[in-house]
Amino acid sequence: MAEAERLLGLAVIGILAGGVYGLLAVGLSLQIGVCRVLNITHGEFAMLGGVLTFTLVELGINPLVAPVIIGPILFGIGFLLQATLFKGIKVRAPSPAAFEGNALLAAFGVMYIISYIARMEFGTRALPTHYLTEGLQFLGVSIQLNLIVGFAVAAVLGIAVYLFLTRSRLGRAIRATAEDQPTAELMGVNTNTILALCFGLGALLAGIAGTLISLRSDVNTGIGFNNTIIALIVVTLGGLGSVPGSFVAGIIIGIVSMMVAGLWESVLIVPVYYAMLMILLLARPTGIFGKK
Amino acid sequence: MNITRLFATHRKSLLVGFLILLIAFVLTFPLYGGAYPTRVLIVMLMYTVLAVSWTMFSGTTGYMSLAPAAFFGTGIYSTALLQHYLPFPVIIVIAGLISFVLAFLLGLVTLRLKGIYFTIFSFGLVVFIGNTINYVEAEIFGRHGWYFEALDRTTLLYTMLGLAVVTVLAAYFISRSRLGLAMRSIGGNEEAAEHMGVNTTRIKVLTFAISAIFMGAAGVVVAPSLSYSNSGIAFSVTYSFIPIVAAVLGGMGQLHGPIIGALVFGFLEKTLKATLLTYFMLGFGIIMVVVILFLPNGLIGLVPILRDKLGGVIQKLRKGGQAEQHADT
Numbered sequence: 001m002a003e004a005e006r007l008l009g010l011a012v013i014g015i016l017a018g019g020v021y022g023l024l025a026v027g028l029s030l031q032i033g034v035c036r037v038l039n040i041t042h043g044e045f046a047m048l049g050g051v052l053t054f055t056l057v058e059l060g061i062n063p064l065v066a067p068v069i070i071g072p073i074l075f076g077i078g079f080l081l082q083a084t085l086f087k088g089i090k091v092r093a094p095s096p097a098a099f100e101g102n103a104l105l106a107a108f109g110v111m112y113i114i115s116y117i118a119r120m121e122f123g124t125r126a127l128p129t130h131y132l133t134e135g136l137q138f139l140g141v142s143i144q145l146n147l148i149v150g151f152a153v154a155a156v157l158g159i160a161v162y163l164f165l166t167r168s169r170l171g172r173a174i175r176a177t178a179e180d181q182p183t184a185e186l187m188g189v190n191t192n193t194i195l196a197l198c199f200g201l202g203a204l205l206a207g208i209a210g211t212l213i214s215l216r217s218d219v220n221t222g223i224g225f226n227n228t229i230i231a232l233i234v235v236t237l238g239g240l241g242s243v244p245g246s247f248v249a250g251i252i253i254g255i256v257s258m259m260v261a262g263l264w265e266s267v268l269i270v271p272v273y274y275a276m277l278m279i280l281l282l283a284r285p286t287g288i289f290g291k292k
Numbered sequence: 001m002n003i004t005r006l007f008a009t010h011r012k013s014l015l016v017g018f019l020i021l022l023i024a025f026v027l028t029f030p031l032y033g034g035a036y037p038t039r040v041l042i043v044m045l046m047y048t049v050l051a052v053s054w055t056m057f058s059g060t061t062g063y064m065s066l067a068p069a070a071f072f073g074t075g076i077y078s079t080a081l082l083q084h085y086l087p088f089p090v091i092i093v094i095a096g097l098i099s100f101v102l103a104f105l106l107g108l109v110t111l112r113l114k115g116i117y118f119t120i121f122s123f124g125l126v127v128f129i130g131n132t133i134n135y136v137e138a139e140i141f142g143r144h145g146w147y148f149e150a151l152d153r154t155t156l157l158y159t160m161l162g163l164a165v166v167t168v169l170a171a172y173f174i175s176r177s178r179l180g181l182a183m184r185s186i187g188g189n190e191e192a193a194e195h196m197g198v199n200t201t202r203i204k205v206l207t208f209a210i211s212a213i214f215m216g217a218a219g220v221v222v223a224p225s226l227s228y229s230n231s232g233i234a235f236s237v238t239y240s241f242i243p244i245v246a247a248v249l250g251g252m253g254q255l256h257g258p259i260i261g262a263l264v265f266g267f268l269e270k271t272l273k274a275t276l277l278t279y280f281m282l283g284f285g286i287i288m289v290v291v292i293l294f295l296p297n298g299l300i301g302l303v304p305i306l307r308d309k310l311g312g313v314i315q316k317l318r319k320g321g322q323a324e325q326h327a328d329t
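These protein sequence lines map, in sequence, to chains A and B. Quick note: the first sequence, position 42, residue 42 per the numbering used here, numbers continuous. Quick note: the second sequence, position 276, residue 276 per the numbering used here, numbers continuous.
1) Look up B/Y147 in the DSSP assignment and give the residues it is bridged to.
2) Using 8 Å as the limit for Cβ to Cβ distance, is A/L38 near chain B?
3) Taking 8 Å as the threshold (beta carbon to beta carbon), is B/F338 in contact with chain A?
4) With a cut-off of 8 Å, does the C-beta of B/M64 fall near any C-beta of chain A?
5) Under 8 Å by Cβ, that's how I've got A/T236 and A/L281 pegged, so tell me the actual separation to the nearest angstrom.
6) By the DSSP assignment, the alpha helix (DSSP H) with B/V52 in it spans what residues?
7) Is there contact between the segment 127 to 141 of chain B and the segment 226 to 234 of chain B, where contact requires at least three CB pairs shorter than 8 Å?
8) Does A/E134 pass the burial test, meaning 16 or more other C-beta atoms within 10 Å, or should it be called exposed?
9) Taking a contact to mean a Cβ-Cβ separation below 8 Å, would you say B/T74 touches B/I92 in this structure?
10) Can B/L310 and B/V264 be called in contact, C-beta distance under 8 Å?
11) State the DSSP-derived secondary structure class of A/L204, mapped to helix, strand or coil.
12) Using only CA atoms, which one of B/L21, B/V127 and B/V290 lies nearest to A/A106?
13) Report back the beta-carbon spacing between A/L74 and A/L48 to the nearest angstrom; my notes put them in contact at under 8 Å.
14) Who are the Cβ neighbours of A/A176 in its own chain at under 8 Å, not counting the five residues just before and after it?
15) Would you list the residues sitting across from A/Q144 in a DSSP beta bridge?
16) Which of the three DSSP states is assigned to A/V189 in this structure?
17) Tell me which residues share the same chain as A/S142 and place their Cβ nearer than 6 Å to its Cβ, disregarding the 5 neighbours each side in the sequence.
18) Between the C-alpha atoms of B/T200 and B/F104, what's the straight-line distance to the nearest angstrom?
19) Count the CB pairs spanning the segment 142 to 155 of chain A and the segment 202 to 216 of chain A that are closer than 8 Å, and state whether there are at least three.
20) Considering Cα atoms alone, identify which of B/G59, B/R318, B/F88 and B/M46 is closest to B/A69.
21) Which residues share a DSSP beta bridge with A/V219?
22) Under 9 Å Cβ-Cβ, which residues of chain B neighbour A/N102?
23) For A/R125, which residues of its own chain have a beta-carbon under 7 Å away from its beta-carbon, when the five flanking residues on both sides are left out?
24) Which residues bound the alpha helix (DSSP H) around A/K90?
25) Against A/R92, what residues of chain B qualify as contacts under a CB-to-CB distance less than 7 Å, listed in chain order?
26) Where does B/H335 sit, in a helix, a strand or coil, going by DSSP?
27) Any residues in the segment 120 to 135 of chain B with a beta carbon nearer than 7 Å to a beta carbon of chain A? Which ones, in chain order?
28) Answer with buried or exposed for A/Y116, where buried requires no fewer than 16 other C-beta atoms within 10 angstroms of its C-beta.
29) Indicate whether at least one CB of chain B lies closer than 8 Å to the CB of A/Y274.
30) Does the beta carbon of A/G109 sit closer than 8 Å to a beta carbon anywhere in chain B?
31) So for B/E139, helix, strand or coil by DSSP?
32) Would you kindly report the start and end of the unbroken alpha helix (DSSP H) that includes A/A102?
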């Protein structure tokens, strides 16, 4: 009985942690789905979010206010990256497939640039922010308050992005661009701005996810790549371009990781992720919520 | 003698001459090179093998594979498991075969995935195999990594050179065969190729598997000079990215592009990384971005540009000279 209760508690923690993965993945989903960039720099933006949160907390700013300052900076970096680098590659690429390949490689270069600039500044030590660590007793496990806050922030932002994409004029332009860029352009959409906007928004969401991660665990300059992997898995699982899909997949991944760690071995979390991903790719490459 | 015309008309013999000089240099290297330079040279040749074999499949068909580390790691592990039982050359062949079969099976199930999904999958495979082996090793056999029997470094150098030559020759002959033509047609427009009667799936799976042979073999040859390895080192994602970086740096359009890229990258990495670690990686990122943005044909893309510039300057000088002569008469 106690064991079943513990598992239920772990599942709840998994769901709460999964919300943050979902938020992280929504950003990547925008970048892949609209900009067609397999952005392996994504996790580095989350890393920047976490590391900058630590810096701001050192300066005496509340970590929950930190995204207000970090967000615009990361949005700007993302916006500029798409408006200069990826646009430049797109203009020069002979075919869409060539663009995807070259953009992946350029993103790889950017990943090195960002992570090593961060490393010069912060080294590789662990940077603890830890905020709202009071535990809430629930079903035999202690749930930290920051998990609940993280989930709430992620959920609110996720709903906001969803409404933005489905209800607003700009959101409609984004969806049109994702579907068929040349036609959207003919209809009077300034696609270059839209793409830069999406990339910036993706970076911003990654940064906020990074802040939320830093609330509950140490961050360091090396966490970027792992977050990229998680985001990539969640995006594929949820289906490209689907906001609800990303959140559902994020929560699935959250539950699975807690279950594997609780029942088995935490070393096995990553292999299990990939086993799931590979089976899914083979069975339904468009993900759970993806359109054919 | 017009130097630019020499380049244009005798390009092929110049390239072959360059490769022969390179081989002669490597063959005589143990006579005057020390221990560390020899290791650098082995790594440079290993990168050549990886980059050429990666370009063989991904460069021509446009399917970005991030799987090289999986085959490379297979090679390293073959050495680790078999080194006490079998002679070295046999292990190379076995690892090549294992990689071939692995890639063949992988290709059968994954190559119907298009674009980004194939890339994600191939990347996932590397992390999956590495982590699984790590778990099996640590939890079931209770060991952490493997030590390798040291081999004479001259032997290793020559073996790696031999492997590099075989890889380059294989890439050359494949690119000139019907198979190469079919691959390029897939890279150009897969749907059209299919309508023209190219069996795209078979071609893709076959070349993917062939290119894996050399990656696996490279893992075997480099293993003894590592002296120690574990699942994290053998299946490091870096080995998936290095061939791509080398190929992009050198230029993927022609066979000698990845060779030059791999040699340059390997040399720079091994000589600069030790002293300027952080700055090297930073500069490496910047170079990647700049090359992709401004030199889509890589370093070899520089040659025609420089040739035109140089030719222009020479012509100007000559014209200037003629004009002066006219003025004199």
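Beta carbons are placed, not taken as given, at the ideal position from N, Cα and C, and that holds for glycine.
In terms of the structure at hand:
1) B/Y228, per the DSSP bridge assignment.
2) Chain B, which has a Cβ nearer than 8 Å to the Cβ of A/L38, makes this yes.
3) Residue 338 of chain B lies beyond the residue range present for chain B, which begins at 1 and ends at 329; the question has no answer from this structure.
4) Cβ-Cβ to chain A under 8 Å: yes for B/M64.
5) Right, their Cβ atoms sit about 7 Å apart.
6) In this chain, the alpha helix (DSSP H) harbouring B/V52 covers A35 to W54.
7) The segment 127 to 141 of chain B is in contact with the segment 226 to 234 of chain B.
8) Result: exposed.
9) At a Cβ-Cβ threshold of 8 Å, B/T74 and B/I92 do not count as neighbours.
10) At the C-beta level, B/L310 and B/V264 stay beyond 8 Å of one another.
11) Correct three-state label for A/L204: helix.
12) Closest option to A/A106, Cα to Cα, is B/V290.
13) The beta carbons of A/L74 and A/L48 sit about 6 Å from each other, so the pair counts as a contact at 8 Å.
14) Taking A/A176 as the centre and dropping the five residues before and after it, the same chain places the C-beta of T183, A184, M187 and V189 closer than 8 Å to its C-beta, in chain order.
15) A/G135.
16) Three-state DSSP puts A/V189 in coil, outside helix and strand.
17) Excluding residues within five positions, the ones whose Cβ falls inside 6 Å are G135.
18) The C-alpha of B/T200 lies about 14 Å from the C-alpha of B/F104.
19) Contact between the segment 142 to 155 of chain A and the segment 202 to 216 of chain A is established, with three or more Cβ pairs separated by less than 8 Å.
20) Of B/G59, B/R318, B/F88 and B/M46, the residue nearest in Cα terms is B/M46.
21) The bridge partners DSSP lists for A/V219 are A/L127.
22) Against chain B, the beta carbon of A/N102 has neighbours under 9 Å at V248, I292, L293 and P296, listed in chain order.
23) Excluding positions up to five away in sequence, the list reads N220.
24) It spans K87 to R92 - the alpha helix (DSSP H) in which A/K90 sits, taken as one unbroken run.
25) Proximity of chain B to A/R92 at the Cβ level (cut-off 7 Å) is accounted for by P296, in chain order.
26) What is shown of chain B runs 1 to 329, which leaves residue 335 of chain B out entirely.
27) Taking 7 Å as the Cβ-Cβ cut-off against chain A, the residues of the segment 120 to 135 of chain B that qualify are I120, F121, G124, V127, F128, N131, T132, N134 and Y135.
28) Buried, since its Cβ has 16 or more Cβ neighbours within 10 Å.
29) Cβ-Cβ to chain B under 8 Å: yes for A/Y274.
30) Taking 8 Å as the threshold, the shortest C-beta distance from A/G109 to chain B falls below it.
31) In the structure shown, B/E139 falls within a helical segment according to DSSP collapsed to helix, strand and coil.
32) Inspection of the sequence shows that residue 102 of chain A is occupied by Asn rather than by Ala. In the DSSP assignment, A/N102 falls within the alpha helix (DSSP H) that extends over P96 to F122.
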